[in-house]
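Visitor: In our numbering, the protein residues as written are 2 to 411.
Got a structure for you, written out below as structure tokens; questions coming shortly.
Right, dumping it as structure tokens:
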């Protein structure tokens, strides 16, 4: 049941694209929303709050008036999806999609429902890593198809979110035992292509794992799927899975999604000692020695994705130290101690950046070469999921509930 704490939901800005996948339209945490709330708490600027059972770190996605999240029992014995009405917060659908026979142990920071769904054209696609992928009718909640063929050893639990490209749902499977990407037919769930990682891996299987979500970009009219993996980032043709280029680094258990602008992609290299690399995307084959523009060490996140704003890369390390980096030179222009620990990826809108912490606090930052915190807003329950932005509202999932937050009259 939802708890209404403020006035009725405001009309949405029709010019703002739907936030229907991980990190929203474009996959980089950015929105064209002009006005977003700067201050809130449990009793202020909360339009509704809806408790959700189970546990999951998947981010909320929004399409056609519905919010979707995946959730799971804490022991992984039931994996499902919940659909909430965007206006009222009422739960319209709660569907158990998979009941695994065998469940792997997960990392203490992870859940069995960490990959974020994708919602589009009356369908919702949910992915639970080795436990399966499924498509549901968003109006009825009926499961249209399931695919349980992509079994890997996560050794820590699932993490990579699927992305939608034309009539393909692309899923990333970077386990300790096997590492590949697959393109599934959105109508049937059948595998249309499957591509093994080309990286030469180190002997220890634990260093073969990765949990990053790929980014779809377009360069000179050609689509590329930028996909960080252990010890190497790959660019693939999303239609066929064919590799276009790759760059070698040292790093595994990669979580942050890449970001892209003006022919350059920015990639975090993973545990341990993460670095931020700027890479030109106009190459082919192994471009490690030719297309890496710069590398940055120190205060680079192991979990939260970076975000771009006006030519600068903003990022927060897991332990709460944020940095602003010139996207052209790779030089830090500022370091900002936000406090707390971070897993969620930041979002931007209305001229501000939003950093959600595991302590339930969202720090609102005014960007620029010397950014500063302009507000700090606490909710009950930690925040591990990245927020969504819909019109002039922010949708936040905590460990306990889903919130719609907005300023009345704006």
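We put the CB at the ideal spot given by N, CA and C, even for glycine.
Here the structure is a predicted model, which means the values were calculated and not measured.
Where does residue 224 fall in DSSP's three states?
Guide: Looking at residue 224 - three-state DSSP - the assignment turns out to be strand.
Visitor: Report the option in 249, 171, 43, 80 whose CA atom is closest to the CA atom of residue 54.
Guide: Residue 54 has its Cα closest to that of 80, out of 249, 171, 43, 80.
Visitor: Can you tell me which residues form a DSSP beta bridge with residue 196?
Guide: BP columns for residue 196 point to 182.
Visitor: Using the Cα positions of residue 11 and residue 31, report the straight-line distance between them to the nearest angstrom.
Guide: Confidence is the limiting factor: at residue 11 the pLDDT is only 47, short of 50, which leaves the residue's position unreliable, though a coordinate-based value still follows. Answer to the nearest angstrom: the Cα atoms are 21 angstroms apart.
Visitor: Can you list, in chain order, the stretches of the beta strand (DSSP E) that have 3 or more residues and sit fully within the stretch 112-191?
Guide: Listed in chain order, they are 119-121, 124-128, 134-138, 144-148, 164-166, 169-175, 180-186.
Visitor: Apply the 10 Å Cβ neighbour rule to residue 392 and answer buried if 16 or more other Cβ atoms are within range, or exposed otherwise.
Guide: That one is buried.
Visitor: Using 8 angstroms as the threshold, is the stretch 45-61 in touch with the stretch 95-114, meaning 3 or more CB pairs across them?
Guide: Counting Cβ pairs under 8 angstroms, three or more are found: they touch.
Visitor: Quick one, which of 387, 326, 64 has its alpha-carbon nearest residue 24's?
Guide: The option with the nearest alpha carbon to residue 24 is 387.
Visitor: Can you check the stretch 273-299 for any alpha helix (DSSP H) of at least 4 residues that lies completely inside it and give the ranges in chain order?
Guide: Correct list: empty.
Visitor: Since residue 34 is in the beta strand (DSSP E), which residue starts that stretch and which ends it?
Guide: No beta strand (DSSP E) contains residue 34, which DSSP labels as neither H nor E.
Visitor: What is the DSSP secondary structure of residue 84, reduced to helix, strand or coil?
Guide: Three-state result, residue 84: strand.
Visitor: Between the C-alpha atoms of residue 35 and residue 101, what's the straight-line distance to the nearest angstrom?
Guide: The alpha-carbon atoms of residue 35 and residue 101 are separated by roughly 44 angstroms.
Visitor: Taking the C-alpha atoms as reference points, what is the distance between residue 377 and residue 221?
Guide: Cα to Cα, the separation comes out at about 41 angstroms.
Visitor: Could you tell me the alpha carbon to alpha carbon distance between residue 403 and residue 142, rounded to whole angstroms?
Guide: Spanning the two alpha carbons is a distance of roughly 19 angstroms.
Visitor: Inspect the beta-carbon positions of residue 358 and residue 384 and report whether they are closer than 8 angstroms.
Guide: Closer than 8 angstroms, so yes.
Visitor: Assuming the contact rule is C-beta atoms closer than 8 angstroms, residue 233 and residue 250 should be a hit. Round their C-beta distance to whole Å, please.
Guide: Contact holds; Cβ gap of about 7 angstroms.
Visitor: Can you tell which of 42, 275, 132 has its C-alpha closest to the C-alpha of residue 106?
Guide: Checked all of 42, 275, 132; the closest Cα to residue 106 is 132.
Visitor: Report yes or no: do three or more beta-carbon pairs, one from the stretch 257-276 and one from the stretch 293-312, lie closer than 8 angstroms?
Guide: Flag = yes, the stretch 257-276 and the stretch 293-312 touch.
Visitor: With DSSP run on the structure shown, which of helix, strand or coil describes residue 366?
Guide: Correct three-state label for residue 366: strand.
Visitor: Pull the bridge partners of residue 244 from the DSSP assignment, please.
Guide: Bridge partners of residue 244: 237.
Visitor: What residues match up with residue 42 in a beta bridge as DSSP calls it?
Guide: Note: residue 42 sits in a beta bridge opposite 45.
Visitor: Just mark residue 264 as buried or exposed, buried being the case when its beta carbon has 16 or more other beta carbons within 10 Å.
Guide: Residue 264 is exposed by the Cβ-count criterion.
Visitor: Using only alpha-carbon positions, find the residue among 39, 119, 109, 201 that is nearest to residue 71.
Guide: If we check each option's Cα against that of residue 71, 119 comes out closest.
Visitor: Whole angstroms is fine: what's the gap from residue 1's alpha carbon to residue 94's?
Guide: As displayed, the chain neither begins before 2 nor continues past 411, which places residue 1 out of reach and without an answer.
Visitor: Anyone know if the C-beta pair for residue 305 and residue 344 falls short of 8 angstroms?
Guide: For residue 305 and residue 344, yes; Cβs fall inside 8 angstroms.
Visitor: Is the separation between the beta-carbon of residue 121 and that of residue 165 shorter than 8 angstroms?
Guide: Yes, Cβ-Cβ distance for residue 121 and residue 165 is below 8 angstroms.
Visitor: Taking Cβ positions, are residue 151 and residue 174 nearer each other than 8 angstroms?
Guide: For residue 151 and residue 174, yes; Cβs fall inside 8 angstroms.
Visitor: Whose C-beta lies closer than 6 angstroms to the C-beta of residue 8 among residues of the same chain, with five residues either side of it excluded?
Guide: Note that residue 8 scores a pLDDT of 42, beneath 50, so its modelled location is shaky and nothing firm can be said.
Visitor: Helix, strand or coil for residue 108? Go by DSSP, reduced to three states.
Guide: Residue 108 falls in the coil class under three-state DSSP.
Visitor: Quick test of your reading: residue 326 and residue 297, contact by CB under 8 angstroms. State the CB separation rounded to the nearest angstrom.
Guide: 6 angstroms between Cβ atoms; contact.
Visitor: Using a Cβ-Cβ cut-off of 8 angstroms, state whether residue 55 counts as contacting chain B.
Guide: The displayed structure is made up of one protein chain only, and chain B is not part of it.
Visitor: Within the same chain, show all residues whose beta-carbon is closer than 7 angstroms to that of residue 352, passing over the 5 residues directly before and after it, in chain order.
Guide: The answer is none, since no qualifying residue turns up.
Visitor: Using DSSP bridges, identify the partner residues of residue 391.
Guide: The partner list for residue 391 (beta bridge, DSSP) reads 394.
Visitor: Can you tell which of 267, 178, 342, 123 has its C-alpha closest to the C-alpha of residue 211?
Guide: Nearest of 267, 178, 342, 123 to residue 211, Cα basis: 178.
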